[in-house]
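Colleague: Input: one structure, supplied below.
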Amino acid sequence: MDKVMLNLRSTVQAICRALRRLLQALAVLLLWFLTSIALLHLFERLTAERYAPGDAPHEQFQILVLQEDGQPALLALRNYRFDMQLARQDALSGRQGDHFFRLNQLDSDTWQLYADRDTFITTQRYRIEGGQLMPLAFRWRNVGHGFIAFIIALPLLWLLKRLATKVLGKKK
5 MDKVMLNLRS TVQAICRALR RLLQALAVLL LWFLTSIALL HLFERLTAER
55 YAPGDAPHEQ FQILVLQEDG QPALLALRNY RFDMQLARQD ALSGRQGDHF
105 FRLNQLDSDT WQLYADRDTF ITTQRYRIEG GQLMPLAFRW RNVGHGFIAF
155 IIALPLLWLL KRLATKVLGK KK
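Here the numbering used here is used: the first residue of the sequence shown is 5, the next is one more, and so on.
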């Protein structure tokens with residue numbers, strides 16, 4: 005009976021050790037993922053551009069116009085003509101080919117356009133005052149930013165682990 009209990013106890017201890025290792029591995033993966041997401045948002049912030057009146061916007065800056073049939077369409081700002089009708093409907097979303105877009109009204113005359121073009125995502129803000137379109141801000145990110153964030157997160161986590169070990173005084 006003692007031998008059976010000893011066997012059972014060692015089996016339970018082995019299972020607990022395995023579960024502890026599994027939870028530690030999952031915690032590391034979760035931390036890696038969260039660090040990567042934080043880096044991705046940092047990259048997006050670093051690529052952000054704000055415009056003063058008269059500044060030339062990014063070449064990828066887009067606006068949403070209404071086509072002749074009334075359907076919204078993404079248009080590069082450099083291709084905009086004053087005879088085109090700008091979309092001014094809050095929470096307007098749709099697809100143009102493989103591209104998804106969403107237009108939100110932020111203020112009475114300020115709009116934010118989110119455009120997802122598969123591997124390239126842009127967010128642009130612009131103001132429409134008296135028929136004039138004024139670019140305010142532009143942010144972008146792409147698949148490469150995500151890849152770089154995942155790669156950079158690994159050595160960053162290693163450094164954080166080393167720092168935590170040094171600060172807490174733990175030794176292996």
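Where a beta carbon is used, it is the ideal one built from N, C-alpha and C, also for glycine.
Going by DSSP, what residue range makes up the alpha helix (DSSP H) through Ser112?
Modeller: Per DSSP, Ser112 belongs to no alpha helix (DSSP H) and is neither H nor E.
Colleague: Would Leu81 and Pro139 be called neighbours here (beta carbons separated by less than 8 angstroms)?
Modeller: Yes. Within cutoff.
Colleague: Under three-state DSSP, which class holds Phe105?
Modeller: Here Phe105 sits in strand by DSSP.
Colleague: Could you tell me whether the Cβ atoms of Gln66 and Leu79 are closer together than 8 angstroms?
Modeller: yes
Colleague: In the DSSP assignment, find the unbroken alpha helix (DSSP H) run with Met88 in it and report its ends.
Modeller: Here Met88 belongs to no alpha helix (DSSP H), and DSSP marks it neither H nor E.
Colleague: Under a three-way DSSP split, which group does Glu63 fall into?
Modeller: coil
Colleague: Under 8 angstroms, do Val69 and Ala95 count as touching if we go by C-beta distance?
Modeller: no
Colleague: So Glu53 packs on His45, CB below 8 angstroms; how close in whole Å?
Modeller: The Cβ separation is near 16 angstroms, so there is no contact.
Colleague: Starting from Arg82, trace the beta strand (DSSP E) in both directions and tell me its first and last residue.
Modeller: It is not in any beta strand (DSSP E) - Arg82 carries neither H nor E in the DSSP assignment.
Colleague: Tell me, to the nearest whole angstrom, how far the beta carbon of Leu161 is from that of Thr39; I am working on the premise that it is less than 8 angstroms.
Modeller: 6 angstroms
Colleague: Could you tell me the boundaries of the beta strand (DSSP E) in which Thr123 lies?
Modeller: Note, Thr123: premise wrong, no beta strand (DSSP E); not H, not E.
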